[in-house]
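For reference, the structure is listed below as structure tokens.
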Amino acid sequence: VAGDGGGDGGGDGGGDGGGDGGSGADPDSYFPNLDVRDHSKAALDQIDISNIIDEPGHDWSEAIDIYINGRNRASKTFQGMARKDWAAAGIQDLSLYEAYATILSATGSGEPFLDSFNLDALYRNNTFEGQSEKMCDISIKKNLICTGLLYAQYEGVKAIENNNEKNWDEMFAFWNGVYDSRVDSRLNKGGPGSVQSSRDSEFGTSFKEESISALLAGQVAFETHSQGNLTDAELSAELQTQFDRFNRANLATFAQATLKYSLNYAKEGLSSLSRDKNWGEGYTYFRCGAGLMDPAIAAFINSLLDPRDKDVTDVTPKEVHCQIVNKMLEEADIGYGLTLSNLNVEEYLPNIRTDCGIDSNVILVDPNAGGDSGGDSDCDVAGD
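Shown next, in the form of structure tokens:
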């Protein structure tokens, strides 16, 4: 069974479904068994588009050309990834794609919601009509990360359904970016894994390590299967376990990002451009994890945080942030069994109890998490 560009899938291995304590692997410790270096080049297009957008007076036409036609990987463009039709590609279990589409698609089903969002932001029309350049800039930059994550998930599902190790390695490549210095010097940059590194450093968590642990467990499972010590059914089941573990860790990261930027964009005294950048960043990062969230929470945040149908008069400091926090507390399970305490939110948001009126007996830190984030800073604009 072909993966992206003709590869075969991949597996997973042992381990529990943790993700918040820091028992994961070194983020640099995964190296694919099969050659997926070409797939990893997709992140270079993302980086190039972001760099163009960051240049003063940037040339939108160049960014659009890379998105549509590609630059670093001729066999697959970001637009092709954003338009991927899982059903047409032979995927049997469409539940993950449909979970995203239900929240983010204009029609709730077949519309290519990743591509339409990317194009609207690039051309500053349709749903981005009238939005500032800063809002459009940050939205396309971050939605390319969402595009990479959903494509990685597509490869993960394909790996499970076909017990195919190359698909598993491709999942890593789209999530991580370049992993071999012979391809490019921009190692481990541009993909969703980079966002995990940033949020972990702020919240004192280890979710990127957990993602790597799940991927490594896949390699172990494939090796065990090749030795005849796992049946096909057992391999597929183990892959599903580790894929769920991978998704749980990535949901945690993008839930953390949603909480961070939903507070930052509404801080008093921000310039309009700083507000738009933080607002667009928070909403687009939410989109990356929307299909992994509890559906009630995801639908609530999508309606509340989407800036495209709102203006500055809708911005009240801390209001939206606290509504999201309290919705997460109300539903208890954010998704994949995660809670606010698993996200270690009080480590990075030390004023969250006072800001949002949370009772002192509600646990908002993870006793297993390590590190000192230094708390929430008042910087206007964040990087990853």
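Residue numbers (our numbering): 120 to 503.
Yeah, the Cβ is synthetic: ideal placement off N, Cα and C, and Gly gets one too.
Remember, it's a predicted structure, so these values are computed and weren't measured experimentally.
Per-residue burial, residue i [other beta carbons within 10 Å of its own, 16 or more giving buried]
i, result
"Lys-429", "exposed"
"Cys-498", "For Cys-498, the pLDDT reaches just 36, beneath the cut-off of 50, and the residue's location in the model is therefore unreliable, although a value from the coordinates is still provided. When all chains shown are included, Cys-498 counts as exposed."
"Phe-326", "buried"
"Asn-245", "exposed"
"Thr-403", "buried"
"Thr-266", "buried"
"Thr-432", "exposed"
"Ser-148", "exposed"
"Leu-349", "buried"
"Pro-486", "exposed"
"Gly-249", "exposed"
"Gly-176", "exposed"
"Gly-143", "Caution is warranted here: a pLDDT of 49 is assigned to Gly-143, below 50, making its placement in the model unreliable, and the coordinate value is therefore given only provisionally. So Gly-143 counts as buried."
"Val-481", "exposed"
"Ala-201", "buried"
"Glu-230", "exposed"
"Glu-449", "exposed"
"Arg-301", "exposed"
"Gly-347", "exposed"
"Ser-479", "exposed"
"Ala-488", "buried"
"Ala-225", "exposed"
"Glu-328", "buried"
"Asp-319", "buried"
"Ser-330", "buried"
"Thr-473", "exposed"
"Glu-465", "buried"
Distance CB(residue i)-CB(residue j) smaller than 8 Å
i, j, result
"Ala-333", "Gln-361", "yes"
"Val-434", "Cys-475", "no"
"Gln-375", "Leu-483", "no"
"Phe-197", "Leu-263", "yes"
"Phe-322", "Tyr-467", "yes"
"Leu-223", "Ala-409", "yes"
"Met-412", "Leu-370", "yes"
"Asn-237", "Tyr-186", "yes"
"Ile-172", "Lys-260", "yes"
"Asn-152", "Gln-338", "yes"
"Ser-194", "Asp-157", "yes"
Residue i: first and last residue of the uninterrupted alpha helix (DSSP H) it sits in
i, result
"Phe-362", "351 to 383"
"His-440", "438 to 450"
"Lys-396", "391 to 408"
"Phe-326", "326 to 345"
"His-158", "156 to 159"
"Ala-271", "252 to 281"
"Val-314", "311 to 322"
"Thr-473", "471 to 475"
"Phe-291", "284 to 295"
"Glu-248", "Note, Glu-248: premise wrong, no alpha helix (DSSP H); not H, not E."
"Glu-465", "464 to 467"
"Thr-221", "214 to 223"
"Leu-459", "Looking at the DSSP string, Leu-459 is not in any alpha helix (DSSP H), and its letter there is neither H nor E."
"Leu-424", "414 to 424"
"Asn-188", "179 to 188"
"Gln-198", "197 to 201"
Contact belief for residue i with residue j at Cβ below 8 Å, rounded distance in angstroms
i, j, result
"Val-155", "Asp-303", "About 14 Å; that fails the 8 Å criterion."
"Thr-377", "Gly-401", "6 Å"
"Ile-504", "Lys-277", "Residue coverage of the chain in this structure runs from 120 to 503, which leaves residue 504 outside it and unanswerable."
"Arg-305", "Val-297", "6 Å"
"Ile-183", "Leu-241", "5 Å"
"Ser-251", "Leu-389", "The Cβ separation is near 13 Å, so there is no contact."
"Leu-213", "Ala-207", "Leu-213 to Ala-207, Cβ: 11 Å. No contact."
"Leu-423", "Val-439", "6 Å"
"Phe-247", "Arg-427", "6 Å"
"Ile-279", "Ser-355", "6 Å"
Within-8 Å CB hit, residue i to chain D
i, result
"Ser-304", "The structure shown has no chain D; it contains just one protein chain."
Residue i Cβ short of 7 Å to the ligand SAM heavy atom set
i, result
"Leu-462", "No copy of the ligand SAM appears in this structure; indeed no ligand is present at all."
Inset, instruction - Spell out a yes or no on whether the segment 297 to 314 and the segment 155 to 168 are touching, meaning 3 or more CB-CB pairs, one atom from each, closer than 8 Å. - result: Yes: the two stretches touch, three or more of their Cβ pairs being nearer than 8 Å.
Legend entry - Given 8 Å, three or more beta-carbon pairs between the segment 329 to 347 and the segment 362 to 370: yes
Inset, instruction - Spell out a yes or no on whether the segment 291 to 305 and the segment 382 to 396 are touching, meaning 3 or more CB-CB pairs, one atom from each, closer than 8 Å. - result: Result no; under three Cβ-Cβ pairs closer than 8 Å.
Inset, instruction - Kindly confirm or deny that the segment 412 to 424 and the segment 451 to 469 touch, where touching means at least three C-beta pairs closer than 8 Å. - result: Yes, the segment 412 to 424 touches the segment 451 to 469.
Legend entry - Any 3 or more C-beta pairs closer than 8 Å across the segment 177 to 190 and the segment 270 to 286: no
Inset, instruction - May I ask you to verify whether the segment 247 to 262 touches the segment 388 to 402, counting CB pairs closer than 8 Å and requiring at least 3? - result: With the cut-off at 8 Å, the segment 247 to 262 and the segment 388 to 402 touch.
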